[in-house]
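In the UniProt record's numbering, the protein residues as written are 1 to 502.
Structure first, then comments.
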C-alpha cells in the first residue's frame, strides 16, 4: 500500500513539474509552435510512462488479487479449523464449568450441612453435659437420701431388735403366767375337791349332831323317868343337847362358808379359765407380733443391705458420671476445636464457591464471546444454505418418517437431528428415539411463538445445549402435511463443514 502511494506521488510531481516547465517556456520569446510541440511530446512521453506504470500496477494488482484469493481460501480453512477448536474448547469449558459448579454446589451444600450438624452436635453435647450434671446432682441426692435411710434403717433395726427382745421376754412371761394360771386352776380344782370333802364332813357332823341331839332328847326323857336319880344325867343330856345344837350351828355355818367358798372358787375358776384363754390369745398374738417383728427385722436387714448396695452403686455411678463428665468435657473441647476448623473450612468453601461463581460468570462471558466469534465465522452463505435445507425439509412432505429414514435424511442434508411435532408440540416422528413424545413448546418457548407467527421458517442463533454443552443452530419449520412444527438441529461442527464445503 505504501508503494502505491509513492507511485501516485511521483506521477503527480512529474505532472506538476511539466506544467511549471511549460509555463516558463511559454514566457520565453520563441515561436508558439515550439512549446506546443514540446507540450505534445511531453504529454505523449508522460502518457506512455504513466501507461507503462499503470500496466505494471495492473499486473501487480492482479498478482495481489490471486495472492489474496489464495490467502483467503487458506485463511478460511484456518478460520474453520480455529472455529472448530474454539467450539470444542468452548464446549469443554462449558462442561467442565458445569461439573465444577455442580461439584462446588455439592461441596457448599455439604459444608452447610456439616456446619448445621456440628451446631446440632454442639447443642447435643451441651445438653448431654447438662443431663450429666443433673444426673450427678440426682445421684448426690440419692446418696444423701440413701445415707439417711441407712441411718434410719440402722436405728429401726436396733429398735426392732430391742422390741423383739421385749416381745420375746413378754412371750416368756406369758408362758410363765400361763403356767401359773394352770397351777392356779389346779389349785382351785383341789380347793373345790377339798370343799366338797369338807362339805361332806360337815354334813356328817350335822348328821352326828342331829343324832346326838336325838340321843340327848332320849336321855332327858329317860332322866325324867328316873326322877331325882336321873337329874344329873338330865343335866348332862341338856349339855349334850346344847353341844349338839352348837355343833349343828357350827356345821351349818361351815356349810354356808364352804358354799360361799365353793361359789368364789367357781368364780375364780371361771375367771382363771377366761384369763387362761385370754393369755393363750395374747400369747398367740404376741407370737404373731414376734413373727411379724422377725419379718420386719429381716425386711429391714434386707432393706439395709439394698441401701448399702444402692450406696455402692451410687458411688460407682457417681464415679462413672464424673469420668463421663470429664470425657464429655474433653469431647466438647475437641468438638469446639473441630467446629472452629469446620467453620474455617466452610468459610474457605464459601470463598471458593464465590470464586467459582465468579469463574462461572467469566466462563459464561468467554462462552458468549466465543459464541459471537463463531457467529462471525458463520457467513451469509452458510445461512443461505441453512434456508435451502429448511425449505427442502418443509417441502419434503412425502418422506417416510421412520427413525432410520429420518436419520439417513439428516445425513444427506448434513444436519444432526430432525423431529416432527404435532400442533400440541409433541414429537411424533424423530430421528433420535430419545426425543419421542417430548414437548418442544415446553423445551423451547420460541417454537410456541413461531407456530403462532406467519413465518414458515425461522433460524435461531447459536444455542448451547445444556446436556452436551455443544453449540447448535435450531431451525423451526412449519409442517405442510398437517398442523405442527418441525425442529431441525445442526451442530457447530456440521455448520463449519457447510462453510468448508462452499
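Glycine included, every Cβ here is placed at the ideal spot set by N, Cα and C.
A quick note: this is a predicted structure, and the numbers were derived from the prediction, not measured.
For the beta strand (DSSP E) containing residue 417, name the first residue and the last one.
Within the chain shown, the letter at position 417 stands for residue 417. Its beta strand (DSSP E) spans residues 417-422.
Does DSSP put residue 463 in a helix, a strand or coil?
Residue mapping note: residue 463 aligns to position 463 of the chain shown, counting from 1. It is a strand residue.
Residue 472 classed as buried or exposed, judged by whether at least 16 other C-beta atoms fall within 10 angstroms:
By one-based count along the chain shown, residue 472 stands at place 472. So residue 472 counts as buried.
Quick check on residue 475: does DSSP put it in helix, strand or coil?
Taking the chain shown and counting its residues from 1, the one referred to as residue 475 is at position 475. Residue state, collapsed to three classes: strand.
For residue 484, I'd like the list of residues in its chain whose CB is within less than 6 Å of its CB, leaving aside the five on either flank, ordered along the chain.
For the purposes of this step, residue 484 is taken as residue 484 along the chain shown, with counting starting at 1. Counting only Cβ-Cβ distances below 6 Å, and skipping sequence neighbours, we find 421, 422, 423.
Can you tell me the Cα-Cα spacing of residue 379 and residue 385, whole angstroms?
Within the chain shown, numbered from 1, the residue matching residue 379 stands at position 379. Within the chain shown, numbered from 1, the residue matching residue 385 stands at position 385. Rounded to whole angstroms, the gap between the alpha carbons of residue 379 and residue 385 is 10 Å.
With a threshold of 16 other CB atoms inside 10 Å of the CB of residue 266, please say whether the residue is buried or exposed.
For the purposes of this step, residue 266 is identified with residue 266 of the chain shown, where counting begins at 1. Exposed is the call here.
Does the stretch 137-151 come into contact with the stretch 301-320, if we say contact requires no fewer than three beta-carbon pairs (one atom in each stretch) closer than 8 Å?
With a cut-off of 8 Å, the stretch 301-320 and the stretch 137-151 count as touching, because enough Cβ pairs lie within range.
Are the beta-carbon atoms belonging to residue 171 and residue 286 less than 8 Å from one another?
Position 171 of the chain shown, counted from the start, is the residue given in the question as residue 171. Position 286 of the chain shown, counted from the start, is the residue given in the question as residue 286. Taking 8 Å as the cut-off, the Cβ atoms of residue 171 and residue 286 count as close.
Per DSSP, residue 458 is paired with what?
Here residue 458 refers to the residue found at position 458 when the chain shown is read from its first residue. Note: residue 458 sits in a beta bridge opposite 476.
Is it the case that the Cβ atoms of residue 300 and residue 156 are separated by a distance below 8 Å?
Translated into positions along the chain shown, residue 300 becomes position 300. Translated into positions along the chain shown, residue 156 becomes position 156. Contact: yes.
Can you check whether the CB of residue 488 is closer than 8 Å to the CB of residue 440?
Residue mapping note: residue 440 aligns to position 440 of the chain shown, counting from 1. Residue mapping note: residue 488 aligns to position 488 of the chain shown, counting from 1. No, these two residues do not count as a Cβ contact at 8 Å.
Reference residue 432, options 309, 406, 452, closest by Cα
In the chain shown, counting from the first residue as 1, residue 432 sits at position 432. Ranking the options by Cα distance to residue 432, first place goes to 406.
Residue 439 in three-state terms, based on DSSP:
Mapped onto the chain shown, residue 439 falls at position 439. In this structure, residue 439 counts as strand in the three-state DSSP scheme.
Suppose you measure from the CA of residue 461 to the CA of residue 496; what does that come to, to the nearest Å?
Translated into the one-based positions of the chain shown, residue 461 becomes position 461. Translated into the one-based positions of the chain shown, residue 496 becomes position 496. Spanning the two alpha carbons is a distance of roughly 15 Å.
Contact check, residue 328 vs residue 129, beta carbons under 8 Å:
In the chain shown, counting from the first residue as 1, residue 328 sits at position 328. In the chain shown, counting from the first residue as 1, residue 129 sits at position 129. At the C-beta level, residue 328 and residue 129 come within 8 Å of one another.
Where residue 430 falls: helix, strand or coil (DSSP)
What you label residue 430 is simply residue 430 of the chain shown in a count that begins at 1. Look at residue 430 here: in three-state DSSP terms it is strand.
In chain order, what residues of the same chain lie with their CB nearer than 7 Å to the CB of residue 409, ignoring the 5 residues before and after it?
For the purposes of this step, residue 409 is identified with residue 409 of the chain shown, where counting begins at 1. 399, 418.
Measuring CB to CB, does residue 212 end up less than 8 Å from residue 254?
For the purposes of this step, residue 212 is identified with residue 212 of the chain shown, where counting begins at 1. For the purposes of this step, residue 254 is identified with residue 254 of the chain shown, where counting begins at 1. Taking 8 Å as the Cβ cut-off, residue 212 and residue 254 do not qualify as a contacting pair.
Per the DSSP calculation, residue 488 is bridged to which residue(s)?
Here the question's residue 488 lines up with position 488 in the chain shown. Residue 488 is bridged to 418, 475.
Which value, in whole angstroms, describes the spacing of the CA atoms of residue 202 and residue 252?
As a position in the chain shown, residue 202 is number 202, starting the count at 1. As a position in the chain shown, residue 252 is number 252, starting the count at 1. C-alpha separation (whole angstroms): 8 Å.
Measure the C-alpha to C-alpha separation of residue 214 and residue 261 and round it to an integer number of angstroms.
On the chain shown, position 214 is the one that residue 214 refers to. On the chain shown, position 261 is the one that residue 261 refers to. Each residue's CA atom was taken as its position, placing residue 214 and residue 261 some 31 Å apart.
Going straight from the alpha carbon of residue 183 to that of residue 166, what length do you get?
Indexing the chain shown from 1 puts residue 183 at position 183. Indexing the chain shown from 1 puts residue 166 at position 166. In this model, residue 183 and residue 166 are separated by some 25 Å (Cα to Cα).
Tell me where the alpha helix (DSSP H) around residue 408 begins and ends.
Within the chain shown, the letter at position 408 stands for residue 408. Per DSSP, residue 408 belongs to the alpha helix (DSSP H) from 403-413.
Count the other CB atoms, across all protein chains shown, that sit within 10 Å of the CB of residue 470; report buried if there are 16 or more and exposed otherwise.
Here the question's residue 470 lines up with position 470 in the chain shown. With 16 or more other Cβ atoms inside 10 Å of its own Cβ, residue 470 counts as buried.
Does the distance from the CB of residue 394 to the CB of residue 478 come in under 8 Å?
Here residue 394 corresponds to residue number 394 of the chain shown, with the count starting at 1. Here residue 478 corresponds to residue number 478 of the chain shown, with the count starting at 1. At a Cβ-Cβ threshold of 8 Å, residue 394 and residue 478 count as neighbours.
Closer than 8 Å by C-beta to residue 246: which residues in its own chain qualify, once you throw out the five before and the five after it? Chain order, please.
Numbered from 1 along the chain shown, position 246 holds the residue referred to as residue 246. Listed in chain order, the non-local C-beta contacts of residue 246 below 8 Å within the same chain number zero, local neighbours out to five positions each way being set aside.
One question on the structure: do residue 331 and residue 125 come within less than 8 Å of each other, judged by their Cβ atoms?
Mapped onto the chain shown, residue 331 falls at position 331. Mapped onto the chain shown, residue 125 falls at position 125. Between residue 331 and residue 125, the C-beta gap is smaller than 8 Å, which places the two residues in contact.
Output the boundary residues of the alpha helix (DSSP H) element that contains residue 381.
The sequence position of residue 381 within the chain shown is 381, counting from 1. Counting along the chain, the unbroken alpha helix (DSSP H) around residue 381 starts and ends at 380-395.
CA-CA distance, residue 326 and residue 113?
Counted from its first residue, the chain shown places residue 326 at position 326. Counted from its first residue, the chain shown places residue 113 at position 113. Between residue 326 and residue 113, the C-alpha separation is close to 28 Å.
Between which two residues does the alpha helix (DSSP H) carrying residue 451 extend?
Taking the first residue of the chain shown as position 1, residue 451 is located at position 451. First-last of the alpha helix (DSSP H) with residue 451: 445-451.
Within the same chain, show all residues whose beta-carbon is closer than 8 Å to that of residue 143, passing over the 5 residues directly before and after it, in chain order.
Against the chain shown, residue 143 aligns to sequence position 143. Exclusion of the five residues before and after residue 143 leaves 311, 314, 315, 318 as the residues of its chain whose Cβ lies within less than 8 Å of its Cβ.
Determine the direct distance from the alpha carbon of residue 105 to that of residue 525, and round the result to whole angstroms.
It is not possible to answer for residue 525, since the shown part of the chain is limited to 1 through 502.
Compute the Euclidean distance between the alpha carbons of residue 456 and residue 343, then round it to the nearest angstrom.
To locate residue 456, count along the chain shown from 1; it is residue 456. To locate residue 343, count along the chain shown from 1; it is residue 343. Cα to Cα, residue 456 sits roughly 59 Å from residue 343.
Using a 10 Å radius around the Cβ and a threshold of 16 neighbouring Cβ atoms, would you call residue 65 buried or exposed?
For this step, residue 65 is matched to residue 65 along the chain shown. For residue 65, the pLDDT reaches just 48, beneath the cut-off of 50, and the residue's location in the model is therefore unreliable, although a value from the coordinates is still provided. Under this definition residue 65 is an exposed residue.
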